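Protein chains: 2
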Amino acid sequence: MTVNPPDIPGVVISRLPVYARALALLRAEGREVVSSQELGQELGVTPAQIRKDLSYFGRFGKQGRGYNVGLLLDQLRTILGLDREWRLALVGVGRLGQAILGYGGFSPQGFKVVRAFDSDPARIGTAIDHLIVEDVADLEESLRNDPVDIGIVAVPGDYAQEVIDTLVASGVQSILNYAPIVSRVPAGVHLKQIDPVLELQSMTYHLKRLQDQGGQDALSSGKA
Amino acid sequence: MTVNPPDIPGVVISRLPVYARALALLRAEGREVVSSQELGQELGVTPAQIRKDLSYFGRFGKQGRGYNVGLLLDQLRTILGLDREWRLALVGVGRLGQAILGYGGFSPQGFKVVRAFDSDPARIGTAIDHLIVEDVADLEESLRNDPVDIGIVAVPGDYAQEVIDTLVASGVQSILNYAPIVSRVPAGVHLKQIDPVLELQSMTYHLKRLQDQGGQDALSSGKA
DNA sequence: GTATGTGAACTCTTTCACAGCC
DNA sequence: GGCTGTGAAAGAGTTCACATAC
Numbered sequence: 000m001t002v003n004p005p006d007i008p009g010v011v012i013s014r015l016p017v018y019a020r021a022l023a024l025l026r027a028e029g030r031e032v033v034s035s036q037e038l039g040q041e042l043g044v045t046p047a048q049i050r051k052d053l054s055y056f057g058r059f060g061k062q063g064r065g066y067n068v069g070l071l072l073d074q075l076r077t078i079l080g081l082d083r084e085w086r087l088a089l090v091g092v093g094r095l096g097q098a099i100l101g102y103g104g105f106s107p108q109g110f111k112v113v114r115a116f117d118s119d120p121a122r123i124g125t126a127i128d129h130l131i132v133e134d135v136a137d138l139e140e141s142l143r144n145d146p147v148d149i150g151i152v153a154v155p156g157d158y159a160q161e162v163i164d165t166l167v168a169s170g171v172q173s174i175l176n177y178a179p180i181v182s183r184v185p186a187g188v189h190l191k192q193i194d195p196v197l198e199l200q201s202m203t204y205h206l207k208r209l210q211d212q213g214g215q216d217a218l219s220s221g222k223a
Numbered sequence: 000m001t002v003n004p005p006d007i008p009g010v011v012i013s014r015l016p017v018y019a020r021a022l023a024l025l026r027a028e029g030r031e032v033v034s035s036q037e038l039g040q041e042l043g044v045t046p047a048q049i050r051k052d053l054s055y056f057g058r059f060g061k062q063g064r065g066y067n068v069g070l071l072l073d074q075l076r077t078i079l080g081l082d083r084e085w086r087l088a089l090v091g092v093g094r095l096g097q098a099i100l101g102y103g104g105f106s107p108q109g110f111k112v113v114r115a116f117d118s119d120p121a122r123i124g125t126a127i128d129h130l131i132v133e134d135v136a137d138l139e140e141s142l143r144n145d146p147v148d149i150g151i152v153a154v155p156g157d158y159a160q161e162v163i164d165t166l167v168a169s170g171v172q173s174i175l176n177y178a179p180i181v182s183r184v185p186a187g188v189h190l191k192q193i194d195p196v197l198e199l200q201s202m203t204y205h206l207k208r209l210q211d212q213g214g215q216d217a218l219s220s221g222k223a
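Next comes the structure, spelled out in structure tokens:
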């Protein structure tokens, strides 16, 4: 059954794929059992956090022993829905979009890009990586006729919100957005952002402080 | 001066670039003043959160009026260190690495990729986008002679931890990792992950629940 | 009147610590 | 003995609400 649990924190869910990845590695190495202690060491996470996270979903371990690697991995894959294939539509087949199509990391994990859209007449109708590029003007109709599970947005920032709105109107409930914009979606739609510039811009905060103190080899700030 | 404030939560810092982006947009539109109310609406964030976040760094607003767009933007850029140029080294010039080099979004924000490394003899010594690809075997020596601020890792997963360790050994304190691995760095080094698969894998959690209930229009799970 | 800046209240997460089981 | 699962405690982060300033 695996009945829908009521209210599991988002941060917990976002950690499960990380656990699954580590477990897959352990299984590939032939490990059969692992403790929360070991797993935590591997991941830089406290053992208590791992146990607490897992406890939202059931009791997967054996006291005195630990977790069966293969069993826990299967459970996590089931919980996350990684035991099926997911159909993605890519919007934007420019340089970034083509890199996404060419990326070999999605399909082994069950994510298949099955549709591609663009607005450039030079690209519409051409085949890229087994896909015929469709006109983005037909996006809504096309997705209504033959739905996908997830939309990937890889268009320039100026068009991204518009594309996101169209995806939502077409019934897509999960969107992965590569465009560097502040985007909003209605409640109930899940949007994740891939934004390297944002990541860099928060790293520079720390770098700046390192550099500004760099000269004066140590103890320069007030106390201790 | 802008003296190093003691302990500002990481989540606060990660929101500042988002505020800065929204402010840059407002400025481009000619807006001169904005309230936390409006800005919050734009970003899907509470006004109180914006005010609290900003209050860690100073008092930038005027009561009864709001924030001067240009002034606040400049302050944020200074706080984040976006008022200078940052030098990046890219490790891995395969398909992904080339997409990163070709991405036009970094340099307008002051992030210049000034070095590129690879292990493939066919690529070493060739020029890509103004850069001569260096041998990754020389990574540490090269970076010691001529340091960069940030390292970008775009090698296959199997080599990524090794590359990250070498970057750290070379004195790099901020790393942006595109490889889909669970990586660890010593305390003091800042590592950010760009990992679309991880994002997708947490989105499927919600999708699965939508789908599993999809058929049976409502109330079907055990109790309540 | 209007909107900031901020202590206090609240909510959400993480960690502790130990009973229970292997 | 060893490790899980979990209430309780501690710690972070967010929101409230109002004094203060324009």
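Protein chains in written order, with numbering that gives the first Met the number 0: chain Z, 0 to 223; chain E, 0 to 223.
The C-beta atom is built at its ideal place from N, Cα and C for all residues, glycine as well.
This one's a predicted model, so the numbers in the text were calculated from it and none came from an experiment.
Ranked by how close their Cα comes to the Cα of Z:P185, the residues Z:N144, Z:P107, Z:V167 have Z:V167 in first place. Against chain Z, the CB of E:F110 has a partner CB under 8 Å away; the residue lies at that interface. The beta carbon of E:L95 sits closer than 8 Å to the beta carbons of A153, Y177 from its chain, once the five residues preceding and following it are set aside; these are given in chain order. Out of E:G109, E:G80, E:A121, E:G170, the CA that lies nearest to the CA of E:L138 is found in E:G170. With its beta carbon less than 8 Å from one in chain Z, E:V17 belongs to the interface.
Z:D194 sits buried, since 16 or more C-beta atoms from the chains shown fall within 10 Å of its C-beta. Residues of the region 31-48 of chain E whose Cβ lies closer than 8 Å to any Cβ of chain Z, in chain order: E41, L42, G43. For the region 189-201 of chain E, the set of residues with a beta-carbon nearer than 8 Å to any beta-carbon of chain Z comprises H189, K191, I193, P195, V196, L197, E198, L199, Q200, S201, in chain order. In the assembly as shown, Z:V135 is a buried residue. Its beta-carbon has 16 or more other beta-carbons within 10 Å.
If you look at E:Y18, you'll find it in the alpha helix (DSSP H) that goes 9-27. If you look at Z:L89, you'll find it in the beta strand (DSSP E) that goes 85-90.
A straight-line Cα-Cα distance of about 25 Å links E:Q210 and Z:F59. Between Z:Q97 and Z:I127, the C-beta spacing is below 8 Å.
The count of Cβ pairs closer than 8 Å, one atom from the region 8-25 of chain E and one from the region 68-78 of chain E, reaches three, so the stretches are in contact. In terms of Cα proximity to Z:S118, the closest of Z:V92, Z:L22, Z:D82, Z:S141 is Z:V92.
The alpha carbon of E:P120 has as its nearest neighbour, out of E:E133, E:Q172, E:S141, the alpha carbon of E:E133. 8 Å or more divides the Cβ of E:L42 from the Cβ of Z:V196. Where Z:S173 is concerned, the enclosing beta strand (DSSP E) starts and stops at 173-176.
Within the region 130-215 of chain Z, the runs of beta strand (DSSP E) at least 3 residues long that lie entirely inside it are, in chain order, 130-134, 149-152, 173-176, 189-192. Rounded to whole angstroms, the separation of the alpha carbons of E:H205 and Z:Q160 is 22 Å.
Here E:I151 has L87, L89, L175 as same chain residues with Cβ atoms under 6 Å from its own Cβ, once five neighbours each way along the sequence are excluded. DSSP places E:A98 inside the alpha helix (DSSP H), whose first and last residues are 94-101.
Z:R64 is outside the set of residues whose beta carbon lies under 8 Å from a beta carbon in chain E.
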